[in-house]
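Colleague: Residue numbers (my numbering), protein chains in the order written: chain A, 20 to 308; chain X, 20 to 308; chain W, 20 to 308; chain R, 20 to 308; chain F, 20 to 308; chain S, 20 to 308. First, the structure itself, so that you have it in front of you.
6 protein chains.
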Amino acid sequence: MFYHDGKLQYNVRVDKPNPQFAKLLQQAIGGIEGEMRVCLQYLFQAWNSRGPKKYRDMLLETGTEEIAHIEMLATAVCLNLEGSSSALKDEMAMSNPMVEAVMGGRDPRHILSAGLGAMASDANGVPFNGSWVVSSGNIAADMHANVMAEATGRVLATRLYEMTDDAGMKDMLSFLIARDTMHQNQWMAVLEELGPDTHPIPNSFPANLQNENVAYSFISTSMDGTTASGRWTEGTSIDGKGIFTLEKAVPTGGEPMLAPADKEIHGQIEQGVKPDADFLDKVKDIITG
Amino acid sequence: MFYHDGKLQYNVRVDKPNPQFAKLLQQAIGGIEGEMRVCLQYLFQAWNSRGPKKYRDMLLETGTEEIAHIEMLATAVCLNLEGSSSALKDEMAMSNPMVEAVMGGRDPRHILSAGLGAMASDANGVPFNGSWVVSSGNIAADMHANVMAEATGRVLATRLYEMTDDAGMKDMLSFLIARDTMHQNQWMAVLEELGPDTHPIPNSFPANLQNENVAYSFISTSMDGTTASGRWTEGTSIDGKGIFTLEKAVPTGGEPMLAPADKEIHGQIEQGVKPDADFLDKVKDIITG
Amino acid sequence: MFYHDGKLQYNVRVDKPNPQFAKLLQQAIGGIEGEMRVCLQYLFQAWNSRGPKKYRDMLLETGTEEIAHIEMLATAVCLNLEGSSSALKDEMAMSNPMVEAVMGGRDPRHILSAGLGAMASDANGVPFNGSWVVSSGNIAADMHANVMAEATGRVLATRLYEMTDDAGMKDMLSFLIARDTMHQNQWMAVLEELGPDTHPIPNSFPANLQNENVAYSFISTSMDGTTASGRWTEGTSIDGKGIFTLEKAVPTGGEPMLAPADKEIHGQIEQGVKPDADFLDKVKDIITG
Amino acid sequence: MFYHDGKLQYNVRVDKPNPQFAKLLQQAIGGIEGEMRVCLQYLFQAWNSRGPKKYRDMLLETGTEEIAHIEMLATAVCLNLEGSSSALKDEMAMSNPMVEAVMGGRDPRHILSAGLGAMASDANGVPFNGSWVVSSGNIAADMHANVMAEATGRVLATRLYEMTDDAGMKDMLSFLIARDTMHQNQWMAVLEELGPDTHPIPNSFPANLQNENVAYSFISTSMDGTTASGRWTEGTSIDGKGIFTLEKAVPTGGEPMLAPADKEIHGQIEQGVKPDADFLDKVKDIITG
Amino acid sequence: MFYHDGKLQYNVRVDKPNPQFAKLLQQAIGGIEGEMRVCLQYLFQAWNSRGPKKYRDMLLETGTEEIAHIEMLATAVCLNLEGSSSALKDEMAMSNPMVEAVMGGRDPRHILSAGLGAMASDANGVPFNGSWVVSSGNIAADMHANVMAEATGRVLATRLYEMTDDAGMKDMLSFLIARDTMHQNQWMAVLEELGPDTHPIPNSFPANLQNENVAYSFISTSMDGTTASGRWTEGTSIDGKGIFTLEKAVPTGGEPMLAPADKEIHGQIEQGVKPDADFLDKVKDIITG
Amino acid sequence: MFYHDGKLQYNVRVDKPNPQFAKLLQQAIGGIEGEMRVCLQYLFQAWNSRGPKKYRDMLLETGTEEIAHIEMLATAVCLNLEGSSSALKDEMAMSNPMVEAVMGGRDPRHILSAGLGAMASDANGVPFNGSWVVSSGNIAADMHANVMAEATGRVLATRLYEMTDDAGMKDMLSFLIARDTMHQNQWMAVLEELGPDTHPIPNSFPANLQNENVAYSFISTSMDGTTASGRWTEGTSIDGKGIFTLEKAVPTGGEPMLAPADKEIHGQIEQGVKPDADFLDKVKDIITG
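Given below as structure tokens:
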């Protein structure tokens, strides 16, 4: 169960409202790298957790913290939009070119749909999509999904940091960037706890049931004589369970052979799908009773 | 540039067609854990790569291999659907309960839309979504996205393996599971090459610009006196750049204070948004010319 | 069944084409607050209506009127785009900054995809989504959905009205705003006809089957000692069937306890999901026949 | 900022796990009528609130309560899925017809993607969509959106109640149905507080700026001589600001006249879009430098 | 402007309600091959038409007819759902296996969300998507889009025809199949009228501005020595403007060379993105004022 | 199976990077008229092909070529974005109006999410959607889908050609436009091969099973006395199997009559859905055991 107080986790200050930056901040709210995704991802992973219990508890803690991050960012969007519709109206009275300049780079739905508020969408106004919430039932896969989410999230936050000169916004982002540092470390800490035998994920699938001939080969599809060699083409594999090799891609399966389509599918007659008289008679019988 | 031959990378055999399993296989084609996602993800990462060149080359190789995996799975879907519409028609002549049983667990669009072919959608018929293709411009974030994609992809493939008794399908899946083993290792090999200073991602953002007070604290939002302690609450952080601590969540920001809405936004009058006479006069002047 | 004449329900005049305003108008066509949504919503409610018949008839009338509103707005978009690609071309010959200004605030797909026509999308180019069409089978819930759609629709139209100085566009919008006035009233008139016992919706679910202890309590999750009191914390409830009270949030359920995951799901071994020999033997038997 | 304890707001008990019911419950989590929508809708409305403050506070309270409802439902999904993959495996060993029956009515991604956990999607596996989160900046429009969401939500919950015989599930649903009762009342209480002049929404748009001729007319598009009369065709309008009338639909706008397409758009020559020599020369000049 | 009467264009009769068939019919309403798509496509093409006028008029006629087809199909869905929730309830009292059979093949949202009504979604419950509405501003491209929509639509209708034994449903479908026959012919008739110079589309782009070396070559990417020859590898091209040839695929562009990433993008340091002191100083100056 | 070399099919050169043009190019990558769609469409049609084999082979060839087109366009996007974030940063130091101009017309996610790379989305940042990939199982319907895709694709490419003065980009587009010329011809060549009896599609559905009364009538819904006559209202139909006629739209179906809703659906009591005592007793029995 969840509780709140009316305060922000960290101060949100905008020295000079900027509706364009409000649009950019939306990526950190409703974008695939944003806080709605990590918040819901950690909460669903917690709620779906079938053990060990300490991971469930931890996921619940951090999922709850992330709600406060969405709150901070939504507040930042609102503050960046302040006064922007009045300014807009004044400029609308001017010539078209100014209108064009003014509208450029804004999310028009910040005015039209949200009345100067934040929305559950990304920087292009594309709505948040629940498919981004990963909770796989495999703790290691989930932890990698979480590291990845925090990595792309921190990259996003540093880019937002570069794109503003507003000291208030930089202060808020330096807080969020630090939290992403912690959260990256946190999920990696779980992977460390899970130990060296984590990979390949899932580690519960018996190795001998996979096709062991190709489990540690880098397969090169390149036709120009070169291949991309590196750590992945020689030495012990990272999971410690194989030796990397380098193989040229060759087809070992034949040409696929599909049966002709059933006539009920109604391809073209030219596809060899001819209606037979019996079938039609039967259909007519049914219709005429 | 790309080339093909008409053969499959590995043999695809279906001993006993099963349209329900065709539906399940769609998750491995057009689902978020599926092959379309990894294929496009590696190709876009390659095409967007601004160095080092060897990673671009490697991404191109593996992206190209994944096209062949989609091809194998599409073939498997087609083979599992063979004969299924004829069977359906016969059963349609029977009583409703049988129809219900027959239709249960199928994707009806395999018949209605694809004429017994594979589709670019997941196991629920939800279309593939381009937002899943992650190419961030940060090589480490991308590698984590790739590990995560292969981890959830291999988990998916092992579950599909459990859900079929068809020896042909098990053989194909044991090949794909092995390739996922390699690909997990491959992306981790890049991370190993990138070295111990990979984290926090991006490692190009100066540490002192983040709020260092909270960069290594596990913040607990729990109200019941317990907290989820573990590797992430003590010791050196995984990135080696801080010491984990455990902190109780406290708000350090005040209550958010937004300005009243501009009147042009047209909230309700009760929100303090009163139309002023001047404004209205001006508008009327414009209309009446 | 439906008919048309070639005329517009109300005059659509654009004094000075403005491609930025064309983009804004798209919200009123294909946005969640737009006319495609109300049109389809009323028509589906009519087609799905299982009585009383007079509401079906009324929904059909207003759904049909709304097609004419989409037509008016599509015409307005087309007129606002006139001449805009020529202007664009001329400006493309100039320096980049002008191009940037010119493209700012436009929907590029108005040129690229629609050839200066209207599209079935919102002001950000996000396509219309059928999930917005609400037809619940409960007449009162549907009427509230309709009031809500017309309320957000009228708010949108007033904002569009503020954002243009084009007298023709203001005239068209003043017509559409007035129709939204009527339609809000119309759906409220149905609610009035349904009478005072409309709530809670659905009113056909026996009150005693709900948990009556919490049916009229405002539950406060606030931790800072204050709560948001108002009409909803005291007095008779609006539906006349209870007394409002104010309660502090307390968990009455225990901690959730899920069973360990089945091993077929392939979590990690560390999650307690160990492959057992028997199971593997059985699987191998199947494969090896 | 937000906090949690590890307990459920209300007890979640499943007497007999039923994976089909787990699928149905997903509608109450990630469907348009579900708890993710109301939760995020109330929180965004709170975060975007520009006054009066008491409504912001109240929205924050109830938005926070709704997180606990998602938690309850996610737990219910997990409990309904327990043991279901083992059962599945056993049945997979049997003949196809049983498999068909078993898979019928299940969400296959509960196994394939979520490993027997809840997902952020609806009963058909369609992901949650951020466009459903309505926060318009107009308090009355928002309250109607909230009444509507709780009305369709309570209808959904009563239907789920009918579709299960599991006493535990019925008990949980009777709690959620009761909370929907309260929440419907709560948003109506705000509308009552806002007073009789709430409509038409927004009430801040001057009545004389709308086309007053059609602000209170029911316009009938019916061609068969009948019209749907009722409360909405006579008497004072519900907002008290007009008199309902009944009008036959007549077009007052002419036939729309669009200018020919610009040639740069590249319609067909037959559309009157002929390339002129000058234009082509200019283009060639540019290319050949 | 649009009008209606309360009658159906053609009789809709269901002899034996079948909720599974209701689900299949949804594909013909809200699927990509369905009537919502063609209806909106023809109407938007009409509204966007910039001449010749006779095509605008024709598109308006047929777009209007299609509304009546959605109406018929929605009615068919409703009739197929009649009585199905009662039956469901009775079966719910029985053992799980029966429930599974009963739910199999149904759209659960027909009960949960629509209360036994039709929805704006496809046979898998995926919502209608506005991106499917093609109106390109090029009359020939639009006509091909229309032929394609009617071709896939008629294929869908014939498959639905095969999947029911209900004489009423077969009768309705035989009407819709015939209308698709007409509509395919109708759009081809426009193409015939446009004349032999229709292709390549757009025919207003000067042939000499395209790379004429590759405008009529079939480029073979096959590596196994065979190529797919046919009408497209020899003879005059279908548009009469070239001679088909067969070419082996060879890369004529070099290896792509992208510049290193800007450091503000924050790739990894290992990507050559090193923070420089000056840059950081400048940022710090800004922050510390 | 698939192979690659590291070179481009045709040279991609950008003389003057332009991030606005990068945004426009996205439509040709991830838009509905773009190369991802045709690439996947041809590959799925090949993989699903059940004969004749030569079409399968040809589809595989051209699907493979299209991967190289996505590669070219992704490279073009990357080159157009070069240097654009540095420029951005400098301008961010200036006054807001410049920022507005600079951001205008850009896709912010090119910086925020992709780090100056291409994305799997359209010119508005809307993600690629798998529903666009048409593979119907009917060869003629598929060929029409392909002609349509290449027609709208070539229209898009010519519009992009008009919108740039960059000689490098014009050169690349003149190559892609030429390939679209070939591909339009190629799919029409298949239709020519299939012969004159291709229509109506599917031609395998017996003509006498459709309602022959309306198979060749243009039905006019127009109420103003005029109808849109043309080739489609007289003469032999294009498929050669009927005579076009012109008919006035008249309803031949009656008014739809739906049964009252089942009470388990929980409409409002006013809809005639009254809870009966027996039913409630039974439910209570179940709950109380």
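Built from N, CA and C at the ideal position, the CB exists for glycine as well. This one's a predicted model, so the numbers in the text were calculated from it and none came from an experiment.
Which same chain residues end up closer than 6 angstroms to Phe40 of chain F when comparing Cβ atoms and leaving out the 5 residues on each side of it in sequence?
Modeller: Excluding sequence neighbours, Phe40 of chain F sits near Asn99 and Thr183.
Colleague: Please name the residue, chosen from X:Thr200, X:His218 and X:Val96, that lies closest to Asn67 of chain S on a Cα-to-Cα basis.
Modeller: Of the listed residues, the one whose Cα sits closest to Asn67 of chain S is X:Val96.
Colleague: So what's Asn165 of chain S in DSSP terms, helix, strand or just coil?
Modeller: Residue state, collapsed to three classes: helix.
Colleague: Would you check if the distance between the CB atom of Asp141 of chain R and the CB atom of Val153 of chain R is smaller than 8 angstroms?
Modeller: No. Outside cutoff.
Colleague: The beta strand (DSSP E) with Lys267 of chain S in it runs from where to where?
Modeller: Start and end: Thr264 to Lys267.
Colleague: Along the region 137-165 of chain A, what residues have a CB closer than 9 angstroms to any CB found in chain S?
Modeller: Taking 9 angstroms as the Cβ-Cβ cut-off against chain S, the residues of the region 137-165 of chain A that qualify are Asp141, Ala142, Asn143, Gly144, Val145 and Asn148.
Colleague: At a CB distance below 9 angstroms, what residues from the region 182-193 of chain W approach chain C? Give them in sequence order.
Modeller: No chain C is part of this structure, whose protein chains are labelled A, X, W, R, F and S.
Colleague: For Tyr29 of chain R, which three-state DSSP category applies?
Modeller: It is coil, neither helix nor strand.
Colleague: For Ala87 of chain R and Leu62 of chain S, what's the separation of their Cα atoms in angstroms?
Modeller: If I take the Cα positions, the gap works out to 46 angstroms.
Colleague: Is there contact between the region 64-79 of chain F and the region 131-140 of chain W, where contact requires at least three CB pairs shorter than 8 angstroms?
Modeller: Yes: at least three Cβ pairs fall under 8 angstroms.
Colleague: Scan the region 274-285 of chain R for residues whose Cβ lies nearer than 8 angstroms to a Cβ of chain S and list them as they occur along the chain.
Modeller: Listed in sequence order: Glu283, Ile284 and His285.
Colleague: Output needed in chain order: residues of the region 198-217 of chain W with a Cβ under 9 angstroms from some Cβ in chain S.
Modeller: Under the 9 angstroms Cβ criterion, the region 198-217 of chain W contributes Glu212, Leu213, Gly214, Asp216 and Thr217.
Colleague: Identify every residue that forms a DSSP beta bridge with Pro146 of chain X.
Modeller: For Pro146 of chain X, which the question treats as bridged, DSSP gives the partners X:Ser140.
Colleague: What does the Cβ neighbour count give for Asp243 of chain F, buried or exposed, with the cut at 16 atoms within 10 Å?
Modeller: Exposed, by the Cβ-count rule.
Colleague: Tell me whether Met113 of chain A is buried or exposed, calling it buried when 16 or more other Cβ atoms sit within 10 Å of its Cβ.
Modeller: Model confidence at Met113 of chain A stands at a pLDDT of 44, short of 50, so the residue's coordinates are unreliable; what they give is reported in the following sentence. It is exposed - the Cβ of Met113 of chain A has fewer than 16 other Cβ atoms within 10 Å.
Colleague: Please go through the same chain and pick out, in chain order, the residues whose beta-carbon is closer than 8 angstroms to the beta-carbon of Thr255 of chain W, but skip the five residues on each side of it.
Modeller: Around Thr255 of chain W: Gly261, Ile262 and Phe263.
Colleague: By DSSP, does Thr246 of chain R sit in helix, in strand, or in coil?
Modeller: The answer is coil: DSSP assigns Thr246 of chain R none of H, G, I, E or B.
Colleague: Using a 10 Å radius around the Cβ and a threshold of 16 neighbouring Cβ atoms, would you call Thr245 of chain R buried or exposed?
Modeller: By the 10 Å Cβ count, Thr245 of chain R comes out exposed.
Colleague: Does the Cβ of Glu52 of chain W have 16 or more other Cβ atoms within 10 Å, making it buried, or fewer, making it exposed?
Modeller: Burial call: buried.
Colleague: Please return the same chain residues whose Cβ sits closer than 6 angstroms to the Cβ of Ala120 of chain F, not counting the five positions on each side in sequence.
Modeller: Confidence in Ala120 of chain F is poor, its pLDDT being 49 and thus under 50, which makes the residue's placement too unreliable to answer from.
Colleague: State whether the region 270-279 of chain X contacts the region 26-40 of chain A, with contact taken as three or more CB pairs (one from each stretch) at a distance under 8 angstroms.
Modeller: Cβ pair count under 8 angstroms is three or more, so yes.
Colleague: Label Met276 of chain W either buried or exposed according to how many other C-beta atoms from any shown protein chain fall within 10 Å of its C-beta, with 16 as the threshold for buried.
Modeller: Under this definition Met276 of chain W is an exposed residue.
Colleague: Is Ala112 of chain A helix, strand or coil when you go by DSSP?
Modeller: Any reading at Ala112 of chain A needs caution, since the residue's pLDDT is 48, under 50, leaving its predicted position unreliable; the model's value is listed next. Here Ala112 of chain A sits in coil by DSSP.
Colleague: Just the Cα atoms here: how many angstroms apart are Arg173 of chain A and Leu210 of chain S?
Modeller: In a straight line, the C-alpha of Arg173 of chain A is about 53 angstroms away from that of Leu210 of chain S.
Colleague: Which chain W residues sit within Cβ distance under 7 angstroms of Pro270 of chain S?
Modeller: Result: Met20.
Colleague: Compare the C-beta of Asp24 of chain W with all C-beta atoms of chain S and state if any pair is closer than 8 angstroms.
Modeller: For Asp24 of chain W, the answer is yes, since a Cβ of chain S falls inside 8 angstroms of its Cβ.
Colleague: List the residues of chain A whose Cβ lies closer than 8 angstroms to the Cβ of Leu175 of chain W, in chain order.
Modeller: Within 8 angstroms Cβ-Cβ: Leu131 and Ser132.
Colleague: Any C-beta of chain S within less than 8 angstroms: which residues of the region 218-234 of chain W qualify?
Modeller: Those residues of the region 218-234 of chain W that come within reach of chain S (Cβ to Cβ, closer than 8 angstroms) are Ile220, Pro221, Asn222, Ser223, Phe224, Pro225 and Leu228.
Colleague: Use the C-beta contact count for Pro215 of chain W: other C-beta atoms within 10 angstroms, 16 or more gives buried, fewer gives exposed.
Modeller: By the 10 Å Cβ count, Pro215 of chain W comes out exposed.
Colleague: One question on the structure: do Ala247 of chain R and Asp76 of chain W come within less than 8 angstroms of each other, judged by their Cβ atoms?
Modeller: Yes, the pair counts as a contact, with Cβ atoms nearer than the cut-off.
Colleague: Against Thr83 of chain X, what residues of chain S qualify as contacts under a CB-to-CB distance less than 7 angstroms, listed in chain order?
Modeller: Phe21, Tyr22 and His23, listed in chain order.
Colleague: When you compare only the Cα positions, how much space is there between Pro116 of chain X and Asp185 of chain X?
Modeller: Below a pLDDT of 50, predicted positions are generally treated as unreliable, and Pro116 of chain X, at 46, falls in that range; the measurement from the model is reported next regardless. Going by the C-alpha atoms only, they are around 27 angstroms apart.
Colleague: Looking only at its own chain, which residues have a Cβ that is under 8 angstroms from the Cβ of Leu11 of chain A, when we skip the five neighbours before and after it?
Modeller: Lying outside 20 to 308, the shown extent of chain A, residue 11 of chain A is not represented and no answer is given.
Colleague: On a CA-only basis, which of A:Leu43, A:Lys282 and A:Gly259 is nearest Glu181 of chain A? Give me that one, please.
Modeller: The residue with the shortest Cα to Cα distance from Glu181 of chain A is A:Leu43.
Colleague: Answer yes or no: does any C-beta atom of chain F fall closer than 8 angstroms to that of Arg250 of chain A?
Modeller: Judged by the 8 angstroms Cβ criterion, Arg250 of chain A is not in contact with chain F.
Colleague: Taking the CB atoms as reference points, tell me whether Val57 of chain S and Ala197 of chain S lie closer together than 8 angstroms.
Modeller: Contact: no.
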